[in-house]
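Chain order of the listed sequences is D and L.
With this note's numbering applied, the first sequence covers 277 to 977.
With this note's numbering applied, the second sequence covers 28 to 330.
Backbone N, C-alpha and C fix where the C-beta goes; we use that ideal spot for every residue, glycine too.
On a predicted model such as this, the values are computed, not experimentally measured, just so you know.
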Amino acid sequence: MQFLTPAFFVGLGAIAIPVLVHLIQREKKRVVAFPSLMFVRRIPYQSVRRRRIRHWFLLFMRAAAIALIVLAFARPFTQPGAAAPAAGAAGARDVVIVLDQSASMGYGDHFEKAKDAAKKIVRGLGNEDRATLVLFAKNAEENMRATSDRARLEGAVNAAKVTSGATRYGPALKLADSILSRSPLKRREAVLISDFQKTGWSGSEDAHFPDGTSLTTVSVASDGTSNASLPSVSFGRTNFSGQERITLTAGISNKSEAKLADVPVTLTVEGHDIETLRTSVLPQSSSSVTFKEFTLSGANVRGSVKAGDDPMPADNTFTFVLSPSEPVSILVVDSGGGRGAGAPGVNDDNSLFLSKALSIGTTPQFQVDVVPASRFAPGSLDKRAVVIVNDTMFPPGAAGGALKRFVERGGGLLIVTGDHTTWPAAGTSGSPEADLLPGKLGGAIDRTDSPTGALGFLDYSHAVLEIFKAPRSGDFSAAHIYRYRALEPAAGDRVLARYDDGAVAAAERKVGNGRVIAWTSTLDDSFTDIGVKPIFLPLVHQLVRYLARYEQVRSWYTVGQVLDLSARAKNRNDRVIVAPSGARTTQQASKGSADGSLELNEQGVYEVRNTGANVGRPEALAVNLDPAESDLAAIDPRELVASVTGHATAESAEPTMAQEMTREEAEKRQSLWWYLLVAGVLLLGTETMISNHLSRKEKFL
Amino acid sequence: MDATQSVPGARFVDPKILGRIGTLEILARTVVEGFINGLHRAPFFGASIDFAEHRGYVVGDDIRRVDWRLYARTDRYYVKQYEADTNTNLTVLFDISRSMQFQSRGIPKIEYACYLAACVTYLAQKQRDRVGIITFDNDIVTHVPPSAKHFNVVLHTLDRAKGDRPGNLTAPLAKMAEHFKRRGILVLISDFYEEPDAILDAIKPLKFLGNDLIVFHVLDPAEIDFGYDDASTFEDLESGEQLPVVPQSLGEEYRALMKAHIDALTTKFSEHRIDYTLLNTGEPLDRALFSYLSSRERLMRVR
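Structure representation (structure tokens):
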């Protein structure tokens, strides 16, 4: 409340007038002659009596009336509240309140302070102003559309809760800009209320406010924050008596300037505390503890590690889900009867390199069986993930059909061509299984002449070769190619690699739900020396993993990740997903993979239940906070404002009196004086009536 | 005007009307005769020659007053005493102090008192009594000795009476007490703004001489009921002192004090066998006279 003409307050001195009238009003000057004042003098008459105020309410009414009139002449006008940005500027405003609800806001009372600041802004809105509430963490949502209903806005702010999401300012600021750009109002303001976590702003966000749109920041960050967190755990697996034993190592991070001493770290598995260790962590550093081994009793074993006790408890617990690792079952079909005899009827010499390469590896483990093509039977495909036809003839008879059905059901087939490779001809007269091969197989091409062949082109975008994309991640050129089989891929087949002469080195074909890859040279030392090159082992593992559709079973996920549950499903039943908060969602398998995605928004353990399966434990997914949320270091809000608005603006929660008020606005804000004047006059009138009535009644004054 | 209606012929005795009539003689005659005609009685001084009692002879008594018949029966000397002399002196002691000038409504107190004095002297003169007047304020102003021929002089004195000085009862009355050598009737007219005891102390010497004392206390209605509304400055007519007065605040107390004053005077005068009559200038004069004469007659019967 301010006054246009405060000088009129001098008039408040007039309040003394009725007081003086009461106190020092003298008797009327009319002199009455009286024979004798003998008796009058005897009466203990106190002239002070006149000075005593008898009707306090009359005096109060007179004083109040004068005060009201003086106040009216002082022309009071309302001033906008401190937290309402630019409330005094001209015209109605469109305000977007961008409220951070990321996990880091759960530190101490940060979120309560943020909500209070938001509510203060809401209360500072004018009648014609409107506001939008945007809540954001990793993503931003328009929680309350633009409205002038302050009660609804305040209710929405009250209902806001801290989420488990990471902090990203970019999407929130873009959404605010989008909302304000659609606004029909001229005055557009965004207020960002956050703890301004440094990790949420990379500086490369493409968020820019146009001129005329202001950005105000309200920081709730605290100085000297202390926060311990568990960014990750790792598991060591060993087999003992047919059971897996897990050795868990937990890392503890200290993001404060004070040393964490003697912090208890507790491992809990299936609700039972297994072990508690103590450790100390230096400032701004990390430490680790390793618990003693425990036996993994079954699938989907839930556990957690808890460390420390600080104002942000969300990142003090790390949850995980463990299941016994499952080996990938591989059947290698070769020509048999090769060099070196093993067991009777079984000769694995032709697949020595392959079997040795696949015997190495823990994630996953490979279970390799080798069978000659002549003895290949449909039954040998049971529970196989991948079949490798290693330089041999196409399985004859029913085995060929079984192989095709195996692939069509989703199995993987790796065809390694060599001198012994035969494949039925395609076409109307040919075998229907012939189309398993991605292309038309030709004769052998000899590249023994100098220079020998090499792999010249690799499609690194393919999942198999993707890991070799980075420099020094695999030198395929080191392998020499002496011979290869010509392959003419059909339209629709994808070429993964070519030799330096342009011939196809590897091609892929999708058959049914399965995948088939043809490798036109051998995977041993007969056609090439790739088998002795460092690239061989990861290449074979990648090929098998891809064909087996292997995905590493993760023990935990990070908030914000999206999973395709339909790809993980082992059956086509509907799924019920129970979030850590208890919220249930149902995914219908009939809708396919479009409905199979699940965004992990909550910290804790999700349960995925198949409606048809009533045996065994439900699948569990452990979800932990983004480790970046534990770093509470803040950026200077001014830096963010300057980056977004394009000009340096001081960080301030104070209102920005951007423009002069219009005459209507100014008049409206000053209209209070009318009411004061009318009230003062009415009060005077009432006082006059009452005093006249009393005067008549008392005949006193 | 209940009083005037209750007394036939009193319609002429409203002081305001009388004041417009003219001379005091006509006025006094009108009042008294109208009053007598209405009353059909003339009790005033009529019994003064009647026998009153016997008393024992003492040396120096006139032997002509010895009742010889009684001596024959009792062999003792007794002297016959009569109630009054046939002719007596009536002196009006008229207070003309400044307070008597007061007038709230109707006529001033002094004027009312003049009518009263005129009436009384007229009655006395008709009775063949000698009439005189002494006017005083804080001292004796005019002295008209009692005489059968002084009625007109008395009227002239009354006509000239102007209250323009402050008054005081004690000093003039003490001086008068020394002056009176012969018994008579003294009619004291005043507003008695003194303490009752002081008034009585001043009057007693007059009574010691055997004078028959009649006291008229003249007050204006405003002095009795203090019917003022507005707070004003009241000025004492005697001393000129001014006081701020809020009538609402002290009206009750004033009336109580005035009543106590009147009651005290009534009691004290009664104790000393002094006829006391309170006259309100707002009331007709005949009513005052009737009241006085009635009480006078009653007292004479007792005596």
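Helix, strand or coil for residue i? Go by DSSP, reduced to three states.
| i | result |
| --- | --- |
| TYR736 (chain D) | coil |
| THR1065 (chain D) | Since the first residue of chain D shown is 277 and the last is 977, residue 1065 (chain D) is not available in this structure. |
| ILE161 (chain L) | strand |
| ASN415 (chain D) | coil |
| THR184 (chain L) | helix |
| LYS716 (chain D) | strand |
| ILE301 (chain L) | coil |
| SER259 (chain L) | strand |
| LYS391 (chain D) | helix |
| ASN886 (chain D) | strand |
| LYS107 (chain L) | strand |
| VAL398 (chain D) | helix |
| TRP699 (chain D) | coil |
| LYS786 (chain D) | strand |
| PRO810 (chain D) | coil |
| LEU288 (chain D) | helix |
| VAL496 (chain D) | coil |
| SER611 (chain D) | coil |
| ALA362 (chain D) | Confidence is the limiting factor: at ALA362 (chain D) the pLDDT is only 43, short of 50, which leaves the residue's position unreliable and the question unanswerable from this model. |
| ASN307 (chain L) | strand |
| GLY65 (chain L) | Reliability fails at GLY65 (chain L), whose pLDDT of 36 lies under 50, so the model's placement of it is uncertain and no value is given. |
| ASP805 (chain D) | coil |
| ILE721 (chain D) | strand |
| TRP795 (chain D) | strand |
For the alpha helix (DSSP H) containing residue i, name the first residue and the last one.
| i | result |
| --- | --- |
| ASN1013 (chain D) | The first residue shown for chain D is 277 and the last is 977, placing residue 1013 (chain D) beyond what the model contains. |
| VAL920 (chain D) | 913 to 921 |
| ASP252 (chain L) | 248 to 252 |
| PRO232 (chain L) | 223 to 235 |
| THR197 (chain L) | 197 to 206 |
| THR101 (chain L) | 95 to 101 |
Please classify residue i: is it buried, with 16 or more other beta-carbons within 10 angstroms of its beta-carbon, or exposed?
| i | result |
| --- | --- |
| TRP949 (chain D) | buried |
| GLU388 (chain D) | exposed |
| PHE317 (chain L) | buried |
| PRO913 (chain D) | buried |
| GLN879 (chain D) | buried |
| GLU709 (chain D) | buried |
| TRP95 (chain L) | exposed |
| TRP332 (chain D) | exposed |
| ILE806 (chain D) | buried |
| HIS1003 (chain D) | As displayed, chain D neither begins before 277 nor continues past 977, which places residue 1003 (chain D) out of reach and without an answer. |
| ARG406 (chain D) | buried |
| MET588 (chain D) | buried |
| HIS923 (chain D) | exposed |
Just to confirm the assignment, what range does the beta strand (DSSP E) spanning residue i have?
| i | result |
| --- | --- |
| HIS177 (chain L) | Neither: HIS177 (chain L) is in no beta strand (DSSP E) and is coded neither H nor E. |
| TRP332 (chain D) | Careful: TRP332 (chain D) lies outside any beta strand (DSSP E), inside the alpha helix (DSSP H) at 332 to 349. |
| GLU138 (chain L) | Careful: GLU138 (chain L) lies outside any beta strand (DSSP E), inside the alpha helix (DSSP H) at 136 to 153. |
Restricting to Cα atoms, I'd like to know which of the options is closest to residue i.
| i | options | result |
| --- | --- | --- |
| LEU270 (chain L) | L:PHE261, L:PRO135, L:GLY278 | L:PHE261 |
| SER601 (chain D) | D:LYS786, D:ALA452, D:ASN515 | D:ASN515 |
| PHE117 (chain L) | L:HIS206, L:GLY87, L:ILE212 | Residue identity differs from the one stated: residue 117 (chain L) is Leu in this sequence, not Phe. Per the Cα distances, L:ILE212. |
| ASP228 (chain L) | L:LEU185, L:ALA140, L:ALA201 | L:ALA201 |
| PRO603 (chain D) | D:ARG885, D:GLN828, D:PRO294, D:ILE293 | D:GLN828 |
| ASP722 (chain D) | D:LEU713, D:PHE744, D:ILE757 | D:ILE757 |
| LEU634 (chain D) | D:ALA649, D:ASP776, D:THR408, D:VAL662 | D:VAL662 |
| SER631 (chain D) | D:THR475, D:ASP586, D:VAL820, D:HIS923 | D:VAL820 |
| VAL168 (chain L) | L:PRO199, L:ARG96, L:LEU277, L:TYR104 | L:PRO199 |
| VAL158 (chain L) | L:ASP191, L:ASP164, L:VAL119, L:VAL85 | L:VAL119 |
| SER457 (chain D) | D:SER857, D:VAL372, D:ALA432 | D:VAL372 |
| LYS295 (chain L) | L:ILE241, L:GLY83, L:PRO193, L:PRO223 | L:PRO223 |
* **Three or more C-beta pairs below 8 Å linking the region 689 to 698 of chain D and the region 727 to 736 of chain D** => They do not touch, by the three-pair rule.
* Asked: Does the region 468 to 483 of chain D touch the region 434 to 450 of chain D, meaning 3 or more C-beta pairs lie closer than 8 Å?
  -> yes
**the region 526 to 537 of chain D touching the region 498 to 509 of chain D, judged by at least three CB pairs closer than 8 Å** = The region 526 to 537 of chain D, when compared against the region 498 to 509 of chain D, does touch it at the 8 Å Cβ threshold.
Take every Cβ of the region 263 to 282 of chain L, pair it with every Cβ of the region 85 to 101 of chain L, and state whether three or more of those distances are shorter than 8 Å.
-> no
message = Quick test of the definition: if touching needs 3 or more C-beta pairs under 8 Å, does the region 238 to 251 of chain L touch the region 132 to 146 of chain L?
response = yes
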